[in-house]
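Student:
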Amino acid sequence: MKIIDIIKSVLPEGTAHGIRAILDGEVVAADASSEEDWGRCPAWPPDLFAVVATLVDRSSCYTLAGPDPDDLDSHVAYLNEVSRLAGQWTDVSSVPAGITSLWERLTGEFTNIEIDEVCEHTDVARLLLKLFAIADEACKGMGWSAPVNSSATDAGTQVEETQGQDTELAHLKIADLARTSLLSSPTDPVDRLLLPYAPTSLCSLVPMDIAIVLPKSMTAAVGCTVRSLSHHLALLPGYTQIEPTWRMADRAYPPGANTLELMRLLVVPFPFHIPDESFSLSREPRRLTDDLYTAGYFRLEPVWLKDDEGQDLTAEIVVNEVLRPLLEKAKVESRGEIIHGVLLPECALSAELGQEVAQLLAMEGIEFLITGALQRDASGNTKNIAQTHVVVPKNNEIGEDGMIMDVQFKHHRWRLDESQVARYALSFPDFAAAPDGRRAAQWWEDIDVANRKLPFYALRPDMSLTVLICEDLARNDPAMSVIRAVGPNLVVALLMDGPQLSVRWPARYATVLADDPGSSVLSITCAAMVDRSNWRESKPVRSIGLWRDAHGATQELSLPQGCHGMLLTLKANKKTQHTLDNRSDKDSTRQLTLKSMIPLALDRAVPWL
């Protein structure tokens, strides 16, 4: 396949439009030309990044990105040229002449070179690497909030002015269009210009079923891949197996705000008691042929969401009797400082209860709630979900004070075997009828695993997080390649599992992400499953969570008996990262470490807890 063939496959409609955006539900373009032409340089940096990164990745020319030790002056000149040209690229439809000439050379002189021969043509490889670096540097800060009184322009004002020019894109700033698109929500007014694929992709001309470009948090410090070549943008495969999204939870912090250095999380390992009847057989093995049977399945019933009289718990009860008192305790331990986030494990709540609890907690001053939940549709199908609720304050372009919620479905089913059933003292297999003469030795979680999503949140000007549900931490597909490309600073894994020990499986898989891309990983489980697992232990460890970071620190989060929550204080440490071609991010990366952990206990006994 030739270079031009790949360019055409990534940009199927050509580059003549310059850039496309959405206004009032209609597509508008900087250039109304209908010609299919690839000679014009893409006017939107993420589009250029998508096509060039695809070429760099498929040709493996990223392996040539380092400086020639015998000609360091040439590499210094390369770095200076990248910085100069990227700094000139600020307007949407005004591509600097130096970048245009590089693109024209690629689509002219080198257009018919085979992709597997690129590494043999040094001039082509250098050209691709230069265009890659320019597109990456031109997007510095894209997807991230800007401090109050910073030099960033006001996206809403700039877009409004542009709309007064017959929806022209000609004078729109690159940073403004990206910021407005990623701050928008489905309830916002539609009378402003937005990127067509946001929040799933930053691209304008590149369809998201071909390639996706998202903002990036961390650059892998190990290995030699295309992921190690960029600071600011991540290239992802097209939206076929999983749909990633990027949300800006912009709070407009003042420059130097102390709150940016620390993040305080309240972990509540609810439920504290899971009755045996919460697990039930849903499907038994059925015969397909003489020696072939279907699998066995189990279902979770959230019996723990009822009080002692069998009545459903309400959000008011959960918040007033458990979460609010624990938040108050956490604030006392923090000398009155804000508690930024509340975390609950896998399947802790129902989907409806999770939304209601989030609305009540928003009034307590938190910034976000992450909880696992069970969701059942009208047909009786069950989904194991994670809800991420982010409070959006009214001092942002998004409008009124409100809540953004993303729901993601578990990607992989939990499989119980006989040893786990015994460890958790579960009796549901004893009630098997074995209609076709076969009793199961393994039981799969009876949930729908379709429609896979992976949201990322930019919660600080320099920090992002994502959430995984139990088995999704251990399985490579489909989430891990996305996480390694984007490099979130924090990965939160919601589990329904036994004690979180440094020798168990969550620690092994957390270590992988801590090494590449360098994320900190926090796994949390419910106290109920920890206790059920510990019944067999002579020296039980009541560890309801595990912390692992890129510095090699592994900390079990042991919750004493009689305690109901844990306050974690995380510290954001400055770190300078370098790409394969030696570009520095100038100390803009943050790596999270665990500063302190404090167990919290309720003052009053809660009978249903």
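Just so we're aligned, residue 88 is where the sequence shown starts under the working numbering, counting upward by one.
Beta carbons are placed, not taken as given, at the ideal position from N, Cα and C, and that holds for glycine.
Does the Cβ of A509 have 16 or more other Cβ atoms within 10 Å, making it buried, or fewer, making it exposed?
Tutor: Around the beta-carbon of A509, fewer than 16 other beta-carbon atoms lie within 10 Å, marking it exposed.
Student: How about S288 and I299: do their beta carbons lie closer than 8 Å?
Tutor: Taking 8 Å as the Cβ cut-off, S288 and I299 qualify as a contacting pair.
Student: Between the alpha carbons of E439 and E420, how many angstroms are there, rounded?
Tutor: 31 Å
Student: What are the partner residues of A460, as DSSP defines its beta bridges?
Tutor: Under DSSP, A460 takes part in a beta bridge, and its partners are L436 and I472.
Student: Less than 8 Å between the C-beta atoms of T680 and D636, yes or no?
Tutor: yes
Student: What residue does the alpha helix (DSSP H) around I221 start on, and which one ends it?
Tutor: T209 to A225
Student: What number of angstroms, rounded off, separates the C-alpha of S268 from the C-alpha of W530?
Tutor: 44 Å
Student: Considering Cα atoms alone, identify which of V390, T306, A512 and M295 is closest to D602.
Tutor: T306
Student: Would DSSP call Q446 helix, strand or coil?
Tutor: helix
Student: Can the beta-carbon of I556 be found less than 8 Å from the beta-carbon of K497?
Tutor: yes
Student: May I ask you to verify whether the segment 218-233 touches the segment 173-187, counting CB pairs closer than 8 Å and requiring at least 3?
Tutor: yes
Student: Taking DSSP's pairing of strands, which residues face E526 in a bridge?
Tutor: Per the sequence presented here, residue 526 reads as Arg, with Glu not at that position. According to DSSP, which records beta bridges pairwise, R526 is partnered with nothing at all.
Student: Between the beta-carbon of R145 and the beta-carbon of I93, is there less than 8 Å?
Tutor: By the CB criterion at 8 Å, R145 and I93 fall inside the cutoff.
Student: What does the Cβ neighbour count give for P389, buried or exposed, with the cut at 16 atoms within 10 Å?
Tutor: buried
Student: From T376 to D523, what does the alpha carbon distance come to, in whole angstroms?
Tutor: Approximately 11 Å between the Cα atoms of the pair.
Student: Is A262 near L546, with beta carbons less than 8 Å apart?
Tutor: no
Student: For the beta strand (DSSP E) containing M305, name the first residue and the last one.
Tutor: Counting along the chain, M305 falls outside any beta strand (DSSP E), and DSSP gives it neither H nor E.
Student: When DSSP labels each residue in this structure, what does K95 get in the three-state scheme?
Tutor: Helix.
Student: Look up W634 in the DSSP assignment and give the residues it is bridged to.
Tutor: L609 and Q642
Student: Do we get a CB-CB distance below 8 Å when we pair I90 with the residues of chain D?
Tutor: The displayed structure is made up of one protein chain only, and chain D is not part of it.
Student: DSSP beta-bridge partners for G652?
Tutor: L687
Student: Tell me the residue span of the beta strand (DSSP E) that contains W592.
Tutor: Where W592 is concerned, there is no enclosing beta strand (DSSP E), although the alpha helix (DSSP H) it sits in stretches over W592 to D602.
Student: Distance, Cα to Cα, R526 vs T469?
Tutor: 24 Å
Student: Count the C-beta pairs between the segment 582-595 and the segment 608-623 that are closer than 8 Å, then say yes if the count reaches three, no if not.
Tutor: yes
Student: So the alpha helix (DSSP H) M567 belongs to, where does it begin and stop?
Tutor: M567 to V573
Student: Alpha carbon to alpha carbon, what distance is there between D535 and S466?
Tutor: 12 Å
Student: Would you decide whether R595 is buried or exposed? Buried here means 16 or more other CB atoms lie within 10 Å of its CB.
Tutor: Its Cβ having fewer than 16 others within 10 Å, R595 is exposed.
Student: For F455, tell me which candidate among D464, F515, A473 and L430 has the shortest Cα-Cα distance.
Tutor: L430
Student: Once DSSP output is grouped into helix, strand and coil, what is the label at N660?
Tutor: strand
Student: Residue range of the alpha helix (DSSP H) that F136 falls in?
Tutor: P132 to S146
Student: Please report the straight-line C-alpha distance between M229 and P548, rounded to a whole angstrom.
Tutor: 10 Å
Student: Looking at T198 and I91, is the spacing between their C-beta atoms short of 8 Å?
Tutor: yes
Student: Based on Cα-Cα distance, which residue from K303, E330, M295 and G101 lies nearest to N538?
Tutor: For N538, the closest alpha carbon among the candidates K303, E330, M295 and G101 is that of E330.
Student: Just to confirm before moving on: does the CB-CB distance between L667 and S315 stay below 8 Å?
Tutor: For L667 and S315, yes; Cβs fall inside 8 Å.
Student: Hey, quick one: how far does the beta strand (DSSP E) through K540 stretch, first residue to last?
Tutor: Its beta strand (DSSP E) spans residues K540 to R547.
Student: Please classify A640 as buried or exposed, where buried requires at least 16 neighbouring CB atoms within 10 angstroms.
Tutor: exposed
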